[in-house]
Amino acid sequence: MCVLIADLPTPAALRDVSATGAFLETNARPPLGAGVELQHPEAGAIAGTVCSVADDGIAIGFEAASSRLPSRSPPSPRI
Numbered sequence: 001m002c003v004l005i006a007d008l009p010t011p012a013a014l015r016d017v018s019a020t021g022a023f024l025e026t027n028a029r030p031p032l033g034a035g036v037e038l039q040h041p042e043a044g045a046i047a048g049t050v051c052s053v054a055d056d057g058i059a060i061g062f063e064a065a066s067s068r069l070p071s072r073s074p075p076s077p078r079i
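Sequential numbering of the sequence shown, starting at 1, is according to my numbering.
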């Protein structure tokens, strides 16, 4: 079980997940384009945007990996 953070925290079950998004079975119905956060007890949290709304849940697209990761310089070559 996960928690979907939109206006209020709401329980959600992952029905389908990929590197770019997920479908969540939930009673929450944030509007299309709304920013949300998915919190998983073991995997952590990820931000996303509502892509579609269905009778049994919502689909979210995850933010690009480059926008979630801190900026780092590549390691210096060893000489």
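Glycine included, C-beta positions come from ideal geometry on N, C-alpha and C. This one's a predicted model, so the numbers in the text were calculated from it and none came from an experiment.
- Message: Assuming L38 and C2 are in contact, meaning their beta carbons sit under 8 angstroms apart, how far apart are those beta carbons, in whole angstroms?
- Response: With a contact defined as Cβ atoms closer than 8 angstroms, L38 and C2 qualify at about 6 angstroms.
- Message: Cutting at 8 angstroms between CB atoms, please list the residues of its own chain near G48, excluding the five before and the five after it.
- Response: Once the five neighbours on either side are set aside, the close Cβ partners of G48 are G21, A22, G35, V36, E37, L38, I60, G61, F62, E63.
- Message: For L4 and A43, which I take to be in contact (beta-carbon distance under 8 angstroms), what is that distance rounded to the nearest angstrom?
- Response: About 14 angstroms; that fails the 8 angstroms criterion.
- Query: Can you tell which of P30, D56, P41, C51 has the C-alpha that lies nearest to the C-alpha of A6?
  - Reply: A6 has its Cα closest to that of P30, out of P30, D56, P41, C51.
- With DSSP as the reference, please indicate the residues paired to S52 in a beta bridge. For S52, the beta-bridge partners assigned by DSSP are A59.
- Exposed or buried, which one is L24 when buried takes at least 16 other CB atoms within 10 Å? The residue in question, L24, is buried, as its Cβ has 16 or more Cβ neighbours within 10 Å.
- Query: For T26 versus A12, is the C-beta distance shorter than 8 angstroms?
  - Reply: A contact, by the Cβ cut-off of 8 angstroms.
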